[in-house]
Amino acid sequence: MEKEEFKRAWLPLSGEFYRAAYCILESEQEARDILQDLYVKLWNMRGSLQNIDSPLAYGTRVIRNMALDRVRSAQYRMRKDNIVAMDEISPSNAPVHSPVERGMIEKQMVLRLKRTVEQMQEPQRSVMRMRLFDDMDYGEIARKTGLSQINIRVM
């Protein structure tokens with residue numbers, strides 16, 4: 314595929330691709346980055362683009378997958394960072410000399426845990442609140458949310 318043909322076929326679709334990325338990422342900058350990555354990927358595979366019947370459908374699918382990969386990667390990094398941060402203030406790592414100090418450390422852990430839960434997306438956030446703070450069992454959470462107990466355990 315030549316440069317002009319590529320421009321004519323793919324560049325007019327950039328608005329559609331941007332909207333698809335923005336709906337998933339909810340960030341203008343991230344959506345622009347993914348859009349740029351999409352066009353680099355398309356340009357690098359321009360030799361096989363003639364076989365694509367619907368550029369809009371193909372491009373939308375590719376950008377959707379790229380955006381979802383970025384979201385999953387960000388969630389993974391956030392979870393990993395929070396686990397490390399929780400370990401840093403764990404009572405087992407800190408020398409505790411009095412019950413007052415232990416209480417302060419536990420209070421810090423609860424605050425950090427609440428902040429971490431608030432960063433989660435629904436329905437994980439609701440399930441974690443019910444499990445950790447409302448002390449509900451899996452059956453109660455399943456009845457309240459409509460999710461299966463297996464899904465709740467995995468969250």
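Number 462 in the working numbering belongs to position 149 of the sequence shown; there are no gaps in the numbering.
Built from N, CA and C at the ideal position, the CB exists for glycine as well.
* Asked: Is it the case that the Cβ atoms of residue 349 and residue 314 are separated by a distance below 8 Å?
  -> Locating residue 349 in the sequence shown gives position 36, where the first residue counts as 1. Locating residue 314 in the sequence shown gives position 1, where the first residue counts as 1. Contact flag unset, no.
* To do: Decide yes or no for the touch test of the segment 415-435 against the segment 369-376: beta carbon pairs closer than 8 Å, at least 3 of them.
  => no
* Run the CB neighbour count on residue 323, radius 10 Å, all protein chains shown included, and call it buried at 16 or more, exposed below. => In the sequence shown, the residue the question calls residue 323 occupies position 10. The residue is buried, with at least 16 neighbouring Cβ atoms inside 10 Å.
* Given residue 369 as reference, the closest of 381, 360, 384, 355 once Cα atoms are compared -> Within the sequence shown, residue 369 is the residue found at index 56, counting from 1. Closest by alpha carbon: 355.
* CB contact flag (residue 351, residue 344, <8 Å) -> For the purposes of this step, residue 351 is taken as the residue at position 38 of the sequence shown. For the purposes of this step, residue 344 is taken as the residue at position 31 of the sequence shown. No; because the gap between Cβ atoms is not below 8 Å, this pair is not in contact.
* Asked: Which of helix, strand or coil does DSSP assign to residue 358?
  -> For the purposes of this step, residue 358 is taken as the residue at position 45 of the sequence shown. Three-state result, residue 358: coil.
* Asked: With distances taken from CA atoms, which of 434, 382, 425 is nearest residue 334?
  -> Numbered from its first residue, the sequence shown carries residue 334 at position 21. The option with the nearest alpha carbon to residue 334 is 382.
* Asked: Between the C-alpha atoms of residue 452 and residue 380, what's the straight-line distance to the nearest angstrom?
  -> Here residue 452 is taken as the residue at index 139 of the sequence shown, counted from 1. Here residue 380 is taken as the residue at index 67 of the sequence shown, counted from 1. Those two C-alpha atoms are separated by around 34 Å.
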